[in-house]
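K.L.:
The sequence shown begins at 42 in the numbering used here and counts up one residue at a time.
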Amino acid sequence: MSEPIAGAPNGEPLSSDRPPAPSPEEAIRPDGRWLAQVEAASGVKAGACYGCKKCSNGCPLSFAMDLHPYQVVRYLQLGQMDKLEGSSTVWICASCQTCLTRCPNQVDLPRLMDWLKEELVRRGQAAPEEKVRLFHQLFLKGVAKRGRVFEGELMAGYMLKTGGAFGPEAIKNARLGLTMLKKGRMKLLPERNKDRRWLKALFREPKGGSHA
Ligand code: SF4
Ligand code: SF4
42 MSEPIAGAPN GEPLSSDRPP APSPEEAIRP DGRWLAQVEA ASGVKAGACY
92 GCKKCSNGCP LSFAMDLHPY QVVRYLQLGQ MDKLEGSSTV WICASCQTCL
142 TRCPNQVDLP RLMDWLKEEL VRRGQAAPEE KVRLFHQLFL KGVAKRGRVF
192 EGELMAGYML KTGGAFGPEA IKNARLGLTM LKKGRMKLLP ERNKDRRWLK
242 ALFREPKGGS HA
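(1) Residues in its own chain within less than 8 Å of S97 by CB, not counting five upstream and five downstream?
(2) Could you tell me whether any Cβ in chain D is nearer than 7 Å to the Cβ of T139?
(3) Taking 6 Å as the line, does the beta carbon of C137 fall inside it for any heavy atom of ligand 2?
(4) Does the count of Cβ pairs from the region 185–196 and the region 146–162 closer than 8 Å reach three?
(5) Taking all protein chains shown into account, decide if D149 is buried (16 or more other Cβ within 10 angstroms of its Cβ) or exposed.
(6) Assign A185 to one of three DSSP states: helix, strand, or coil.
(7) Output the distance between the C-alpha atoms of R164 and P61, rounded to the nearest integer angstrom.
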């Protein structure tokens, strides 16, 4: 009987029906230059990820994603940006920060996802979650205008563009808005950040980049 292969699950020998190894032409060659560019542009040390999956196990939205968050980082490490084009994960991420608090290496996935949104738009990629992209754009537009989001304007713009400004959905949202106003969770009038220079600097166009 052959000796079990070290590291195999339950100490059992690895199955002999594994897929054949890729040919040298098919093999993925990690491109370190690409990773360095991603890290410089996003400000996130993606190379520090060692694939422990703690981020993905804690992500409250991974059930709706087509790629796990750790897979996004892995594809970036391997220079396979094409695998992220058309993926829903980047657009579904709600920047809730759960993954960042769980990551033993402080890989800032929410920031990476935000950068990816911008990068995919810059590359002319259509978002599989168009409504999420629209919300993202309106959110950023509001922040660029006032330095903070005015929820009333954000929701009105979103509903007008998605056809939800009339009918039962509009009534439901109006009720929700009223409840939020009563509970002080939403302001009646917008507030504006007075430091215009800070705001302008924040939204200054990066070299070769754009805001979604
Ligand atoms: S928790 Fe951090 S190190 Fe672990 S897979 Fe996720 S990003 Fe990588
Ligand atoms: S920030 Fe995004 S990827 Fe991270 S846990 Fe939240 S939804 Fe998931």
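Heads up, the beta-carbon is just placed ideally off N, CA and C, and yes, glycines get one too. Here the structure is a predicted model, which is why all the values come from computation and not from measurement.
P.N.:
Looking at the atomic coordinates:
(1) Indexing the sequence shown from 1 puts residue 97 at position 56. Same-chain partners within the cutoff: S103, H109, P110, Y111, Q112, C140.
(2) Absent from the structure: chain D. Only one protein chain is present.
(3) As a first step, residue 137 is located in the sequence shown; it is residue number 96 there, counting from the start. Checking the Cβ of C137 against ligand 2 gives yes.
(4) no
(5) Here residue 149 refers to the residue found at position 108 of the sequence shown. It is buried - the Cβ of D149 has at least 16 other Cβ atoms within 10 Å.
(6) For the purposes of this step, residue 185 is taken as the residue at position 144 of the sequence shown. The answer is helix: DSSP assigns A185 an H, G or I state.
(7) Taking the first residue of the sequence shown as 1, we reach residue 164 at position 123. Taking the first residue of the sequence shown as 1, we reach residue 61 at position 20. Answer to the nearest angstrom: the Cα atoms are 34 Å apart.
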